[in-house]
Amino acid sequence: MPRPVVHSDAIDREHRNAMATASRYFTIKQFCEEIGIAESAFHDWRIKGLAPRCIKLPNRQIRIRCSDVDAWLESREESGVAA
4 MPRPVVHSDA
14 IDREHRNAMA
24 TASRYFTIKQ
34 FCEEIGIAES
44 AFHDWRIKGL
54 APRCIKLPNR
64 QIRIRCSDVD
74 AWLESREESG
84 VAA
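Here is the structure:
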């Protein structure tokens with residue numbers, strides 16, 4: 004029997020939801036892997052105020068809420084106009 008065709012956005016959403024179920028927070032490493040960037044790029048974005056909102060834990064580790072990642076991605080949606 005052929006497998007149903009699933010839109011890639013649905014797969015991404017399912018993947019994020021699965022990760023969010025396991026943890027409502029991303030580590031920097033998890034976030035960078037999910038977005039497909041180097042950790043150094045994340046730190047540059049954070050210095051420039053371009054990264055999603057972060058939480059600094061008492062042990063100085065950084066966490067990023069999954070909901071903040073979604074909001075951050077939505078805020079960067081383009082209207083279809085080429086830059």
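Positions in the sequence shown are counted from 1; adding 3 to them yields my numbering. The beta carbon of each residue, even a glycine, is placed where N, CA and C say it ideally should be.
Item: At 3 residues or longer, and completely inside the segment 34-73: list those beta strand (DSSP E) runs for me, N to C.; Value: 65-68
Item: Which residue wins for smallest C-alpha separation from F29, given the options N62, E77, P55, S82?; Value: P55
Item: Compute the Euclidean distance between the alpha carbons of T24 and C69, then round it to the nearest angstrom.; Value: The pLDDT assigned to T24 is 48, lower than 50, so where the model puts this residue is not dependable; a value taken from the coordinates is nonetheless given after this. Rounded to whole angstroms, T24 to C69 spans 10 Å at the Cα level.
Item: Let's test the definition: count the other Cβ atoms within 10 Å of the Cβ of I67 and tell me whether it reaches 16, buried, or not, exposed.; Value: buried
Item: Out of L76, K59, G52, state which residue places its alpha-carbon closest to the alpha-carbon of E37.; Value: L76
Item: What does a CB cutoff of less than 8 Å around Q64 pick up in its chain, not counting 5 residues either side in sequence?; Value: T30
Item: Look at the alpha carbon of K32 and the alpha carbon of E42, and state the distance between them as a whole number of angstroms.; Value: 7 Å
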